[in-house]
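If you're matching positions, the sequence shown starts at 64 in the working numbering and goes up one per residue.
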Amino acid sequence: MILGGNCAMQAQNDQNEITVIDNDGKQEVIDLPESMNYELDSLLNLYYSKTYLQPGNGCNYRDENREYPQEVYIERLSRLPNIMEMPYNDIVQKFIDRYTGRLRHSVSYMLGASNFYIPIFEQALEAYNLPLELKYLPVIESALNPKATSHVGAAGLWQFMVGTGKQYGLEINSLVDERRDPVKSSYAAAQYLRDLYRIFGDWSLVIAAYNCGPDNINKAIHRADGQADYWKIYPYLPKETRGYVPAFIAANYVMNYYCEHNICPMCTKLPAKTDTVMVNKDVHLKQIADVCGIDIEELRTLNPQYRRDIVNGNSKPSVIRLPSSATNAFIANEDSIYNYQTNELFTRRSLVEVDNTATNTNYSRKSSSRKSSVSTSKRSKRETARDRRRKNKKGAKGKDVTVRNGDTLSEIAAKNHTTVKKLRKLNGIKGNNIRAGKKLKVK
64 MILGGNCAMQ
74 AQNDQNEITV
84 IDNDGKQEVI
94 DLPESMNYEL
104 DSLLNLYYSK
114 TYLQPGNGCN
124 YRDENREYPQ
134 EVYIERLSRL
144 PNIMEMPYND
154 IVQKFIDRYT
164 GRLRHSVSYM
174 LGASNFYIPI
184 FEQALEAYNL
194 PLELKYLPVI
204 ESALNPKATS
214 HVGAAGLWQF
224 MVGTGKQYGL
234 EINSLVDERR
244 DPVKSSYAAA
254 QYLRDLYRIF
264 GDWSLVIAAY
274 NCGPDNINKA
284 IHRADGQADY
294 WKIYPYLPKE
304 TRGYVPAFIA
314 ANYVMNYYCE
324 HNICPMCTKL
334 PAKTDTVMVN
344 KDVHLKQIAD
354 VCGIDIEELR
364 TLNPQYRRDI
374 VNGNSKPSVI
384 RLPSSATNAF
394 IANEDSIYNY
404 QTNELFTRRS
414 LVEVDNTATN
424 TNYSRKSSSR
434 KSSVSTSKRS
444 KRETARDRRR
454 KNKKGAKGKD
464 VTVRNGDTLS
474 EIAAKNHTTV
484 KKLRKLNGIK
494 GNNIRAGKKL
504 KVK
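Here you go:
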């Protein structure tokens, strides 16, 4: 069993996983969070990275990790100004080693990018009176990549799934995905974390539930005989969740003690100020970019929620974030923006005419054939009805038979499929006597 601060296990790390070996020599594989496998090149190719981040040329550290005795890590974690519990064990140490070793250049990027995003995270967390150390949760969720998408479809800095995102008020459809909006997703995440804390009352369990869902945490607690302690339910958690809380502790450590490990943050030049405009018509980001002279990549970065560059203002009033310097240009040229390359950029038709010339010709032929067929059918029905009437008329004249010597009423009735009673009635006969040579009506 793993206990915070007193772990008897040893951990070995591999490319995408950590293998834990207990005192009995049994191995257990812990999956790394997906963000710890992102390629640094993809992070550095983001617009903000290319435009506002650059290597820290003033940093004179040697690019190598410095290692310390176990007691140093324990003491540093205890000094963090946190409400949340940050215990130490061998698994936490291996995640620290991963961040300060193989991922040290990614940490440099995240330290630089944190200047863009951490103020947004802190404001949202503060609004719900949550521990501010939760601002490092996106470090392990997305490596501070706003375009991050997991293999199961979670998206954005906070890695919301579609269902959870919609549950917390994020709009998600073919044109809009507010999971990628840093501000809206941060407030949704803060609300979700608050709700999880109301359920579990323990921040380590909240972090674990954020990763694998509250149902899995409740199942693990049940299997651990009701012990609501992350380190007690650890063996019953999914593999990735077993490493999730240790990774969160390690992220808090490295984002605060990076200097002690010779990690140089990337230098940040904060973006120009931005402002927002409201639109009530559909508009394409390229229309704005070309008419107002804005880099379309910057527009996409400022408005990551619009997944196909189309702002669906016709559906409802929609917000567009612009560089402050471009706001006046947008207002002054709004009509020109809406009319710019409209036919080329908006190919979805709202009204179409049906070319039914060929269809009408074919229909006329088929209709003529159908009329002929109907006419023939009507004639056939009329002739059938006429034959039936003739037969009925012929049948209506009745039928006579001549009584022969020895005939009886019962025999005549049987031969002509009638009854003696009917014969008597048709012919006015009383009794059974009939005379030979007499004609009897049988129908």
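Every residue, glycine too, gets a C-beta built ideally from N, C-alpha and C. Please read all numbers here as calculations on a predicted model, not as lab measurements.
Rounded distance between the beta-carbons of Tyr250 and Ala187, thought under 8 Å:
Between Tyr250 and Ala187 the Cβ distance is about 5 Å, and since that is below 8 Å, they are a contact.
Using the C-alpha atoms, what's the distance from Cys275 back to Val225?
Roughly 14 Å separates the two Cα atoms.
Run through DSSP, which three-state label would Asn490 get?
If DSSP states are grouped into helix, strand and coil, Asn490 belongs with the helices.
Q.
Less than 7 Å separating the Cβ of Ile284 from some heavy atom of the ligand MG?
A. Because no ligand of any kind appears in the structure shown, any question about the ligand MG cannot be addressed here.
task = Return yes when the Cβ of Ile146 is within less than 8 Å of the Cβ of Ala314, no when it is not.
result = At a Cβ-Cβ threshold of 8 Å, Ala314 and Ile146 do not count as neighbours.
Paired residues, beta bridge with Lys386 - DSSP: The sequence shown places Pro at residue 386, rather than the Lys named in the question. According to the DSSP secondary-structure assignment, Pro386 is paired through a beta bridge with Thr337.
**Message:** Can you give me the C-alpha to C-alpha distance between Ser98 and Leu166, rounded to a whole angstrom?
**Reply:** So the two alpha carbons sit approximately 11 Å from each other.
query: Can you check whether the CB of Gly376 is closer than 8 Å to the CB of Val346?
result: For Val346 and Gly376, yes; Cβs fall inside 8 Å.
When Asp292, Leu200, Ile400 and Pro245 are compared against Tyr273, the one with the closest alpha-carbon:
Closest option to Tyr273, Cα to Cα, is Leu200.
*Pull up the distance between the alpha-carbon of Gln90 and that of Ile81, whole angstroms please.*
Cα to Cα, Gln90 sits roughly 10 Å from Ile81.
Original post:
Do Ile312 and Leu140 have their C-beta atoms closer together than 8 Å?
Top reply: Yes, they are a contact pair.
*Can you grab the Cα-Cα spacing for the pair Ala217 / Gly232, in whole Å?*
Roughly 16 Å between the two C-alpha positions.
>> Quick check on the DSSP output: the alpha helix (DSSP H) that includes Glu407 runs from which residue to which?
In response: Here the alpha helix (DSSP H) through Glu407 covers Thr405 to Leu408.
**Request:** Assign Gly458 to buried or exposed, taking buried as 16 or more other Cβ atoms, counted over all protein chains shown, within 10 Å of its Cβ.
**Result:** With a pLDDT of only 49 at Gly458, under the threshold of 50, the placement of this residue in the model should not be trusted; the figure read from the coordinates follows. With fewer than 16 other beta carbons inside 10 angstroms of its own, Gly458 counts as exposed.
Which residue or residues does DSSP assign as beta-bridge partners of Val346?
DSSP, once it has assigned bridges, lists Val374 as partnering Val346.
Original post:
Three-state secondary structure (DSSP) at Ile81?
Top reply: Three-state DSSP puts Ile81 in a strand.
To which residues of the same chain is Pro277 closer than 8 Å at the C-beta, ignoring the five residues directly before and after it? So the list reads Leu259, Ile262 and Phe263, once near-sequence residues are dropped.
### Beta-carbon contacts of Glu323 that lie in its chain and below 7 Å, excluding the five residues immediately before and after
Around Glu323: Arg129.
Quiz prompt | Assigned exposure category for Asn208 - 16 Cβ within 10 Å defines buried | solution = Counting Cβ neighbours within 10 Å, Asn208 comes out buried, since at least 16 surround it.
Residue span of the beta strand (DSSP E) that contains Lys529, given as start and end = Nothing can be reported for residue 529, as the shown portion of the chain is limited to 64 through 506.
Check whether Ile154 and Val317 have beta carbons under 8 Å apart: No, the Cβ-Cβ distance between Ile154 and Val317 is not below 8 Å.
Using 8 Å as the threshold, is the C-beta distance between Tyr115 and Pro309 below it? Result no, Cβ atoms of Tyr115 and Pro309 do not sit closer than 8 Å.
Along the chain, where does the beta strand (DSSP E) containing Glu91 start, and where does it finish? In the DSSP assignment, Glu91 falls within the unbroken beta strand (DSSP E) covering Gln90 to Asp94.
Original post:
Which residue's Cα is closest to the Cα of Phe179: Ile351, Gln368, Asn325 and Thr331?
Top reply: Nearest to Phe179 by C-alpha distance, out of Ile351, Gln368, Asn325 and Thr331, is Thr331.
**Item:** Three-state secondary structure assigned by DSSP to Gln117
**Value:** Strand, per DSSP.
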